[in-house]
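Numbering (the working numbering), first residue to last: 3 to 235.
C-beta: ideal position from N, C-alpha, C; glycine also.
Here's the structure, in structure tokens; my notes come after.
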Amino acid sequence: MSAARPALEVVAELRREVERMQGAPARQAVPTHPALEGLLSLETGGVYGVDAASLALLLMSGPSAAGTWSAVVGAPDLGVEAAVAMGVDPHRTVFVPDPQDRWLEVTAALVDVVGLVVVRPPSAVGEGDAARLGARLRKQGCVLVPWGVWPRCDARLTLATTRWAGVGAGDGHLRAREATVTVHRGTAPSRTRDLLLPADDLTVRPVRPQVAAPPATGVPAIVRSPVFVRSAG
């Protein structure tokens with residue numbers, strides 16, 4: 003009997019683990035901004051780190067436009083006007099600009115009630131805190147977008163500005179920004195895309211239109227030259 007007891011304990015532990023996994027919701031696709039199509043796909047329970055406000059807003063805009071509630075924690079300089087221009091619905095967004103030292107507690111509480119949370123940590127985040135919040139994200143089906151350093155990210159997005167359009171020799175108005183977005187995912191090769199972030203009409207779109215796959219009819223597809231967007235002289 004004593005020899006069989008450890009095996010029974012293992013079976014019981016495995017059964018509890020299976021029940022836990024069965025009770026956890028499967029990851030579901032989350033609406034993503036069209037400019038990121040084919041570059042990054044968001045999923046419930048995922049953590050997607052960014053290094054710029056514009057990238058945080060870009061990740062917010064897809065779910066928000068689809069009706070998902072969002073929240074922004076600890077980012078008082080994340081402008082509401084810029085968020086609206088990017089496509090974020092301010093009427094479905096909770097702003098907590100200064101949670102002070104309770105930022106992690108506030109973030110965890112919001113994970114329970116909204117679909118996406120952007121958080122800008124004021125200090126380094128420990129592995130334990132990140133793991134506990136990650137488990138909460140998966141349970142609630144929420145997406146976390148940390149602005150800054152964060153362990154255990156599913157993917158990280160970085161931004162490099164190429165140039166602004168509309169500036170002359172000491173005069174003119176800034177109209178558009180061409181920037182390179184890079185997605186880092188684990189040990190996989192990084193992927194990049196040049197975006198107008200924003201374009202002169204305040205939308206966000208690839209600098210070069212995505213090339214569609216040729217039709218599978220046996221008829222040769224028409225070949226067109228790529229379109230390049232240049233800054234105004």
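Enclosing beta strand (DSSP E) for residue i [first to last residue]
i	result
V90	It is not in any beta strand (DSSP E) - V90 carries neither H nor E in the DSSP assignment.
P148	V145 to P148
S72	S72 to V75
Chain-order list of residues whose beta-carbon lies under 8 angstroms from that of residue i (same chain, five-residue window excluded)
i	result
P208	A37, R195, D196, L197 and L198
D100	G76 and P78
L135	L106, T109, A110, V113 and L146
V116	T70, W71, S72, A73, V96 and C144
Start and end residues, alpha helix (DSSP H) containing residue i
i	result
V52	Not the alpha helix (DSSP H): V52 falls in the beta strand (DSSP E), residues Y50 to V52.
D79	It is not in any alpha helix (DSSP H) - D79 carries neither H nor E in the DSSP assignment.
D196	Segment R193 to L198 is the beta strand (DSSP E) holding D196; no alpha helix (DSSP H) there.
P65	A55 to A67
Integer-rounded CB distance, given that residue j should sit under 8 angstroms from residue i
i	j	result
V32	S66	Going by Cβ atoms, the distance from V32 to S66 rounds to 11 angstroms, so no, they are not a contact pair.
R52	L61	It should be pointed out that residue 52 corresponds to Val in this sequence rather than to Arg. Sure, about 7 angstroms apart at Cβ, within 8 angstroms.
R179	W166	5 angstroms
C-alpha distance - residue i paired with residue j, whole-angstrom precision
i	j	result
T189	C155	12 angstroms
G172	V206	Low local confidence applies: a pLDDT of 41 at G172 is under 50, so the model's placement there is unreliable, with the coordinate-based value given in what follows. Approximately 26 angstroms between the Cα atoms of the pair.
S192	L44	17 angstroms
R104	L139	18 angstroms
L80	R122	10 angstroms
V98	R210	37 angstroms
G170	V120	In this prediction, G170 scores a pLDDT of 48, lower than 50, which makes its location untrustworthy; the coordinate-derived value is nonetheless stated afterwards. Going by the C-alpha atoms only, they are around 36 angstroms apart.
Q142	A68	18 angstroms
P124	A54	15 angstroms
T34	A157	14 angstroms
W149	T184	15 angstroms
V127	P200	31 angstroms
Contacting residues, own chain, Cβ-Cβ under 7 angstroms from residue i (five flanking each side not counted)
i	result
A132	W152, P153 and R154
T182	A162, T164, T194 and D196
V86	P92
L118	M62, P65, T70, S72, C144, V145 and V147
Contacts around residue i, its chain only, beta-carbon distance under 6 angstroms, and the 5 residues preceding and following it disregarded
i	result
L57	L159 and L161
R29	E45, T46 and G47
Residue i beta carbon near the ligand MN (any heavy atom closer than 7 angstroms)
i	result
A201	Judged by which ligands are present, the structure shown has none, so any question about the ligand MN falls away.
Original post:
At what residue ranges does the stretch 107 to 167 contain a whole run of the alpha helix (DSSP H), taking only runs of 4 or more?
Top reply: 129 to 142
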